Amino acid sequence: RIYPFASVTVGRKGEQIVDMKALADAGAVAFSDDGNSFKEATMMRDILEQTKLVDRVVDLHCEDKAYTGKGVVNAGKIAEELGLPGISSVAEDIEIARDLIIQEEIGGNMHIAHLGSERSVELVRFFRNRGVKFTCELIPHQFSRTEDIVREKGVLAKVKPPFRGQKDVDGIRRGLHDKLVDVIASDHCPYA
44 RIYPFASVTV
54 GRKGEQIVDM
64 KALADAGAVA
74 FSDDGNSFKE
84 ATMMRDILEQ
94 TKLVDRVVDL
104 HCEDKAYTGK
114 GVVNAGKIAE
124 ELGLPGISSV
134 AEDIEIARDL
144 IIQEEIGGNM
154 HIAHLGSERS
164 VELVRFFRNR
174 GVKFTCELIP
184 HQFSRTEDIV
194 REKGVLAKVK
204 PPFRGQKDVD
214 GIRRGLHDKL
224 VDVIASDHCP
234 YA
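Throughout, the numbering used here is defined as the position within the sequence shown, counted from one, plus 43.
Written out as structure tokens, the structure reads:
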């Protein structure tokens, strides 16, 4: 069985919201601009409003691409050793914080994909304690491996969010233990 997601914006460009009602009527079970987030907070607000009208979930890839820049692995020691540009967890965390603040106000149908840092898990904890309704997921490698795998596997260990350090892995495991996470998903995206 295949349950199709539809794009949230036309061409996944983040400029114009699709006709969510028509796509839901055509069989879309959820919406996502997989791999892209929404630059404008007002667009996130409008998307969440639409999710209520069509009774569908928006699946969010939370990453501020400007903050990510040309990063390819976790920012820190290993990136420096290998001479690679790093991606700070802040690129994820600021998007999650912003989107959850908007969700608290709007109350749409929100799912946060692939939490990848200790801080993102703590943001989930914070907003759940405030009574904000949403779901979130982890992917297995985010709680089973650290960024050390980059030394071993090289480009084969390039994932987003990137493998992080032990502190983040420990924080993600605490979130899993504390049942803050709704689902563990493969997040299998075979990009070239």
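Glycine residues also receive a C-beta, built at the ideal position from the N, C-alpha and C atoms.
This structure is a prediction, so every number in the text was calculated from the model and none was measured.
Query	Result
Given 8 Å, three or more beta-carbon pairs between the region 77-97 and the region 111-123	no
Length at least 4, wholly inside the region 83-148: the alpha helix (DSSP H) runs in chain order	84-97, 108-111, 120-125
Nearest-angstrom Cβ-Cβ length linking P53 and I90, presumed shorter than 8 Å	Note that residue 53 is Val in the sequence shown, not Pro. Wrong, their Cβ atoms sit about 13 Å apart, outside the cutoff.
Straight-line Cα distance separating G151 from E92	6 Å
Within 7 Å, strictly: CB atoms of A156 and H104	yes
CB of E190 within 7 Å of CB of G208, strictly	yes
Cβ neighbours of I149 in the same chain (closer than 7 Å, five flanking residues each side left out)	R88, L91, E92
Range covered by the beta strand (DSSP E) that runs through H154	153-155
Segment contact, 8 Å Cβ cut-off, at least three pairs: the region 125-142 with the region 60-75	no
Nearest-angstrom Cβ-Cβ length linking V175 and E147, presumed shorter than 8 Å	5 Å
Straight-line gap, D77 to R99 (C-alpha atoms, nearest Å)	16 Å
Boundaries of the beta strand (DSSP E) in which E180 is found, first to last residue	178-181
Spatial distance of K95 from F74 (CA atoms)	12 Å
Collapsed DSSP secondary structure at F48 in the structure displayed	strand
Cutoff 6 Å; reference V97; Cβ partners in own chain excluding five residues on either side	M63, K64, A67
Residue span of the alpha helix (DSSP H) that contains Q59, given as start and end	Here Q59 belongs to no alpha helix (DSSP H), and DSSP marks it neither H nor E.
Among G112, Y46, H184, F81, nearest to I130 - alpha-carbon criterion	G112
Exposed unless 16 or more other CB atoms sit within 10 angstroms - verdict on L158	buried
Residues near K210 by beta carbon distance below 7 Å, same chain, minus five either side	E161
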